[in-house]
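Right, one structure below, let's go through it.
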Amino acid sequence: QSINPSIMSEIQAKIAEIEAEMARTQKNKATSYHLGTLKAKLAKLRSELINGPGGKSSGTKNAERGFDVTKSGDTRVGLVGFPSVGKSTLLTTLTGTRSEAAA
Numbered sequence: 044q045s046i047n048p049s050i051m052s053e054i055q056a057k058i059a060e061i062e063a064e065m066a067r068t069q070k071n072k073a074t075s076y077h078l079g080t081l082k083a084k085l086a087k088l089r090s091e092l093i094n095g096p097g098g099k100s101s102g103t104k105n106a107e108r109g110f111d112v113t114k115s116g117d118t119r120v121g122l123v124g125f126p127s128v129g130k131s132t133l134l135t136t137l138t139g140t141r142s143e144a145a146a
């Protein structure tokens with residue numbers, strides 16, 4: 044499937060515009076929703092660049108409904124439970140890291 048060169052250049056210009064806006068937007072709690080929206084738009088445009096306008100890939104229905112958005116940021120998780128039930132083991136298995144158990 045071939046994309047019209049003028050459409051391709053429009054998509055690339057939009058991608059560059061969104062990337063520039065993301066670069067100048069401060070990253071904090073107040074702007075996280077805005078940055079997430081920009082990431083979704085960026086993923087949609089990149090999908091259109093690869094698969095053509097509409098973002099549909101061959102063999103799938105409603106491909107425009109889902110986007111690949113890269114995870115970013117730090118998260119803190121607290122596990123609460125009785126002693127010796129496997130909280131640290133679960134955390135180690137899920138994250139691939141070694142947790143330090145508080146005694």
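For what it's worth, our numbering labels the leading residue of the sequence shown as 44, then goes sequentially. C-beta atoms are modelled at their ideal positions from N, C-alpha and C, and glycine is treated no differently. Note that this is a predicted model, so its numbers are computed, not measured.
| Item | Value |
| --- | --- |
| Reference Gly116; option with closest CA among Ala66, Ser49, Ser75 and Lys57 | Ser75 |
| Reduced DSSP category for Leu78 - H, G, I as helix; E, B as strand; rest coil | helix |
| Outcome for Ser90 when other beta-carbon atoms lying within 10 angstroms are tallied against a minimum of 16 | buried |
| Pick from Leu122, Pro48 and Glu64 that is closest to Leu85, judged by C-alpha positions | Glu64 |
| Integer Cβ distance of Ile54 from Leu81, believed to fall under 8 Å | Not a contact, Cβ separation roughly 15 Å. |
| Sub-8 Å separation of Leu78 and Lys70 beta-carbons | yes |
| Helix, strand or coil at Lys130 [DSSP, three-state] | helix |
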